[in-house]
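Sequential numbering from 0 applies to the sequence shown in numbering that gives the first Met the number 0. No residue lacks a Cβ here, since even glycine has one placed at the ideal position from N, Cα and C. On a predicted model such as this, the values are computed, not experimentally measured, just so you know. What follows is one structure encoded as structure tokens, with my remarks underneath.
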Amino acid sequence: MENLFSLDNLFTLAMLVVLQAVLGFDNLLYISIESKRAPPEKQAYVRRMGIGIAIGLRIVLLFVLLEAVQYFQDPFWSIHLSGFVEGTFNVHAVIVLVGGVFIMYTAMKEIMHMLAVDDIEGVEKSGPGSVFKVMTWIIVMNLVFSFDSILSAMALSEVFLVMATAIVISGAMMIWLADHVSEFLKRNRMYEVLGLFILFIVGILLISEGGHLAHLTLFGLPVEPMAKTTFYFVIFVMVAVDVVQSRYRQKLMRQHEAEMGH
Numbered sequence: 000m001e002n003l004f005s006l007d008n009l010f011t012l013a014m015l016v017v018l019q020a021v022l023g024f025d026n027l028l029y030i031s032i033e034s035k036r037a038p039p040e041k042q043a044y045v046r047r048m049g050i051g052i053a054i055g056l057r058i059v060l061l062f063v064l065l066e067a068v069q070y071f072q073d074p075f076w077s078i079h080l081s082g083f084v085e086g087t088f089n090v091h092a093v094i095v096l097v098g099g100v101f102i103m104y105t106a107m108k109e110i111m112h113m114l115a116v117d118d119i120e121g122v123e124k125s126g127p128g129s130v131f132k133v134m135t136w137i138i139v140m141n142l143v144f145s146f147d148s149i150l151s152a153m154a155l156s157e158v159f160l161v162m163a164t165a166i167v168i169s170g171a172m173m174i175w176l177a178d179h180v181s182e183f184l185k186r187n188r189m190y191e192v193l194g195l196f197i198l199f200i201v202g203i204l205l206i207s208e209g210g211h212l213a214h215l216t217l218f219g220l221p222v223e224p225m226a227k228t229t230f231y232f233v234i235f236v237m238v239a240v241d242v243v244q245s246r247y248r249q250k251l252m253r254q255h256e257a258e259m260g261h
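Below, the structure written as structure tokens:
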């Protein structure tokens, strides 16, 4: 334990917890939205159990990556259609790409579903198998999001205990924040659409990152990863537009009511 409590390792631990929190925003949003598929009385349980199991699996993944990171980075398949598609794929790239596609599909499916139903409050009463299904997807997608945070952690520290402790602390924070984010979305239903579109951008972020890892080129143009700063700036602009639009709509409604009163 003395390794963990050295000044250098404590500083690194603090940096890793902050890093995990920043990189975990997209994961947190996915968990909050996905947990809504479970019955209302089970949603908090699903979030906590899903994240809790994922924390254990993250530590296992950390151990595996420390021992065999090269196997995840070594190419196993390539495609060369000159002028159309070229790329060299490894396990890391494929996991990130598949995760991005799935998240985009989930976001679009939920958006289309919200537009299609008439009774928004009564949508989708979950079946008995939904708790296990939702928890499974939370765990799987948590692991997809884990790759970047774990590889970033490995760049900052070589001490397994420091990285594992950071994962546990950030996981506990995620459990606490996921409940708060879910409650906020429940109280402010209008922000659900915003959350789903942010999730869609998360999918684009993952696909661009996976394409970059695979050195993918489409029609001679390389796929470049979306920078995290760009991602957060886009989110800030989307939130700002939504807030301004909401307030402007309220102003128009008050003005309309005042005119109707005369």
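| Asked | Found |
| --- | --- |
| Taking 7 Å as the limit between beta carbons, can you name the residues of its chain near S31, skipping five residues before and five after? | A177, V180, S181, L184 |
| Is E123 helix, strand or coil by DSSP? | Here the model assigns E123 a pLDDT of 48, short of 50, so the residue's position is not dependable, and the following value carries that caveat. Coil, per DSSP. |
| What's the call for Q42, buried or exposed, on a 16-neighbour Cβ count within 10 Å? | buried |
| When you compare only the Cα positions, how much space is there between G202 and K250? | 34 Å |
| Count the other C-beta atoms from every protein chain shown that fall within 10 angstroms of the C-beta of N26, then say buried if there are 16 or more, exposed otherwise. | buried |
| Which word fits N187, buried or exposed, when buried means at least 16 other C-beta atoms lie within 10 angstroms of its C-beta? | exposed |
| Whole angstroms are fine: how far does the CA of V17 sit from the CA of A37? | 30 Å |
| Rounded to the nearest angstrom, what separates M162 and L15 at their Cα positions? | 7 Å |
| Using DSSP bridges, identify the partner residues of W76. | F88 |
| Tell me the DSSP bridge mates of T164? | Its beta-bridge partners do not exist; DSSP assigns none. |
| Measure the Cβ-Cβ separation of R57 and I197 and say whether it is below 8 Å. | no |
| Give me the Cα-Cα distance between M103 and M189, rounded to the nearest whole angstrom. | 20 Å |
| Can you give me the Cβ contacts of L215 inside the same chain, cut-off strictly under 6 Å, excluding the 5 residues immediately before and after it? | G86, V222 |
| Taking the alpha carbon of T164 as the reference point, which residue from I137, L64, I54 has its own alpha carbon closest? | I54 |
| Three-state secondary structure (DSSP) at P38? | coil |
| Cα separation between I94 and Y29? | 17 Å |
| With a CB to CB cut of under 7 Å and the five nearest residues on each side skipped, what residues in its chain are close to P127? | A caution first: P127 carries a pLDDT of 44, below 50, which makes its placement in the model unreliable, though a value can still be read off. Once the five neighbours on either side are set aside, P127 has no close Cβ partner at all. |
| Cα-Cα, which of F199, R246, W76, L212 is closest to F230? | F199 |
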